[in-house]
Amino acid sequence: MPRYWYDRMANKLPDNPTEEDIARRELNLRIVADRKPYFMRYIYPNIMSDYKKYISNARTKCIRTFGITLDALESMDESEQTEEQADFLRRYYYRFPVGIHDCVMNKICRRIENEFDSRTFIYDAEDKFDISILKTDAEYTSFEFQSIMKIYKEFNDKLKEKSASFTRKRKTDDDDMIEEIWMENFRTECALVCPNEDALYNAIIDISYKKNWSKYFAWEMMGDYIIRTLLKRRNYTVSYPVEREDGDIEYYGKRFAMLELEVAHD
Amino acid sequence: MTEIILNEKMWVENRLKERSLGNNTGDTLRRVAKYYAAQGYTENEIVAKVESFVEKCDNTISIVKMQKFIHDVVKSAMKSNLIDIDSINITNAEMEMIHSLDGSMQERVMFTLLCLAKYGDAVRPTNDGWVNNESKQIFKLANVVMTTMRQSLLIHNLMTKGYVSFSKAPDNVNIKVNIINNDSDVALRIVDFRNLGMQYMRYFGGKYMECKECGIVIRRTTNNQKYCKACAKLINVQKSSAN
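Chains as they are written, first to last, in my numbering: chain A, 1 to 266; chain B, 1001 to 1243.
The structure is reproduced here in structure tokens:
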């Protein structure tokens, strides 16, 4: 593909241009495909990244230069804009990293964007995960809670340290063994602080699930206990979906039915 | 965010002695590469030296995986010189201009912009007073905490007063400092680019001090305070281990 088809700067005039050269260059500059169309930012991640950076920087620049947001500047009537503001907008549209003209695909893209923008996804507090389904009736003291919180924070710090080291090198079998040893150390520490397993379990669930914190600690320390508690609540019955033609649940173009299985327990 | 170092030679020598990759591995290796380049080593020799340094810092690191990264870092480092600046001097005239601004936050931000611009000019004489650091870094160095909208409005205020200006490109957020005036006596020498806002405030009095361990300027919270929070914690840990 000739470079002048996609690179504006490649459209240069020769040393002694003729009328024909000038006309050809003007035509080329009008039709040069130096940027991808707007909708392609959803296909190429680097274009999305360039677009977002451009918009973010332009918004910052507008506030710094004029003291008003870019949206406010764009919505101003042309007659109200100063020369500098009009010049800024001209440059803003000229340097856009994607083509924003009203081609069919761009129109479809904007229509879909507007459709999603107009919908508000409300986070209903009522739908928040109910941690009472995980908990038992045992109670723990404030001292036990604070002590386990301390262990929780140490665990997360240790985890970050390990993750950083494993991005630099491949994990070996020895590393797995070392990891299991320090997991066991943490379990022992937790048991020492709170010997009552039920109370320890409730404290760990409260720490991990009440706020939107990492649940990894809970599952590493008391994973088996969580499963046992859930099974006990459901009378050791597990429900699972199976693909069936006459199933009452439709998902992803297929039909499923829920079956139940009684799990062996002590 | 790249840490701003005035004397890269001394900084690298400390890192080589401590065998530490620091908080930002890329920046550390880039400076180490520049250090060896300044001593006249060839590109291949510098790569070998940097790899050896990495192994000494952490022998669990896979050099094979880092080879491309190290090569890229060395190649980029060969294009620039080792920075060796004694200090950034702020003159009386500049301090007066900054002090005449309305509000301590504006003053701190403007002071920080001036320091960064002068640093840029010292590193690259053709810089001409431009600051291309991110907003986040500028406001962090200035010890000013505010929302991004208010940050932009503060800079807008500085622009309307003529202290700074911008390029015409709508997405170029670099800032040109217009108040550089080296034709005046030196009021303040900056040798440390941490907490520039607090260094500015200290110049005009107020309860500020230098940490006896790391030298950072901080706000004094008690009368007998000697260290910053980070150093105090480390020293406490060391004392506890000794006991």
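Cβ atoms here follow ideal geometry from the backbone N, Cα and C, with glycine treated the same way.
Everything numeric in this text was worked out from a predicted model, so none of it was measured.
Sheet register partners of residue i (DSSP bridge)
i, result
"Arg255/A", "Glu250/A"
"Asp1084/B", "Asn1007/B"
"Trp1130/B", "Lys1176/B"
"Ser1167/B", "Ser1167/B pairs with nothing; no bridge assigned."
"Pro241/A", "Met258/A"
"Pro37/A", "Gly99/A"
Three-state class that DSSP yields for residue i in the structure shown
i, result
"Val1217/B", "strand"
"Arg1189/B", "strand"
"Asn1059/B", "coil"
"Asn185/A", "helix"
"Tyr236/A", "coil"
"Tyr201/A", "helix"
"Met1209/B", "strand"
"Asn1224/B", "coil"
"Pro1125/B", "helix"
"Ile43/A", "coil"
"Ile1090/B", "strand"
"Leu1021/B", "coil"
"Thr1112/B", "helix"
"Ser1100/B", "coil"
"Trp213/A", "coil"
"Met1066/B", "helix"
"Tyr6/A", "coil"
"Phe1204/B", "coil"
"Cys194/A", "coil"
"Gly223/A", "helix"
"Tyr1041/B", "coil"
"Gly1197/B", "helix"
"Lys1161/B", "coil"
"Lys1233/B", "helix"
"Met1014/B", "Per the sequence presented here, residue 1014/B reads as Asn, with Met not at that position. Here Asn1014/B sits in helix by DSSP."
"Leu13/A", "coil"
"Ser1184/B", "coil"
"Met1146/B", "coil"
"Asp176/A", "helix"
"Met1078/B", "coil"
"Asp206/A", "helix"
"Tyr218/A", "In the sequence as presented, Tyr is not what sits at residue 218/A; that position holds Ala. Helix, per DSSP."
"Asp77/A", "coil"
"Ala1117/B", "helix"
"Ile1046/B", "helix"
"Gly67/A", "coil"
Exposure of residue i, with buried meaning 16 or more beta-carbon neighbours within 10 Å
i, result
"Ile100/A", "exposed"
"Phe116/A", "exposed"
"Met1198/B", "buried"
"Ala257/A", "exposed"
"Lys1075/B", "exposed"
"Leu13/A", "exposed"
"Ser208/A", "buried"
"Lys1079/B", "exposed"
"Glu1094/B", "buried"
"Tyr92/A", "buried"
"Leu1029/B", "buried"
"Ala218/A", "buried"
"Lys1118/B", "buried"
"Arg1108/B", "buried"
"Ile181/A", "exposed"
"Ala270/A", "What is shown of chain A runs 1 to 266, which leaves residue 270/A out entirely."
Heavy atom of the ligand PLP within 7 Å of residue i beta-carbon
i, result
"Lys1017/B", "The ligand content of the structure shown is nil, which means the ligand PLP is not present either."
Practice task
May I have a chain-ordered list of the alpha helix (DSSP H) segments no shorter than 4 residues that lie completely inside the region 80-161 of chain A?
Solution key: 83-94, 104-117
Exercise for the section: Answer yes if the region 234-248 of chain A comes into contact with the region 189-208 of chain A, meaning at least three C-beta pairs across the two stretches below 8 Å, and no otherwise. Expected result: No, because fewer than three Cβ pairs between the region 189-208 of chain A and the region 234-248 of chain A fall closer than 8 Å, the two stretches do not touch.
Handout entry: Sufficient close CB pairs (3 or more, under 8 Å) joining the region 140-150 of chain A to the region 72-81 of chain A
Key = no
Exercise for the section: Decide if the region 1005-1018 of chain B is in contact with the region 1061-1068 of chain B; the criterion is three or more beta carbon pairs, one per stretch, under 8 Å apart. Expected result: Contact between the region 1005-1018 of chain B and the region 1061-1068 of chain B is absent, because fewer than three Cβ pairs lie under 8 Å.
Exercise for the section: Count the CB pairs spanning the region 1105-1114 of chain B and the region 1136-1155 of chain B that are closer than 8 Å, and state whether there are at least three. Expected result: yes
Practice task
Decide if the region 50-64 of chain A is in contact with the region 1147-1167 of chain B; the criterion is three or more beta carbon pairs, one per stretch, under 8 Å apart.
Solution key: yes
Handout entry: Meets three-Cβ-pair contact criterion under 8 Å: the region 1207-1218 of chain B and the region 1186-1198 of chain B
Key = yes
Exercise for the section: Would you check if there are 3 or more beta carbon pairs closer than 8 Å linking the region 43-63 of chain A to the region 1169-1176 of chain B? Expected result: yes
Handout entry: the region 1018-1033 of chain B / the region 1047-1055 of chain B touching (three or more Cβ pairs under 8 Å)
Key = Yes, the region 1018-1033 of chain B touches the region 1047-1055 of chain B.
Practice task
Pair every Cβ in the region 125-143 of chain A with every Cβ in the region 87-97 of chain A, then say whether three or more of these pairs are closer than 8 Å.
Solution key: no
Practice task
Check whether the region 33-47 of chain A touches the region 103-113 of chain A, counting contact only when three or more Cβ pairs, one atom from each stretch, lie closer than 8 Å.
Solution key: yes
Handout entry: Three or more C-beta pairs below 8 Å linking the region 1033-1044 of chain B and the region 245-264 of chain A
Key = These segments do not touch.
Practice task
For the region 1199-1207 of chain B and the region 1100-1108 of chain B, state whether three or more C-beta atom pairs, one from each stretch, are separated by less than 8 Å.
Solution key: yes
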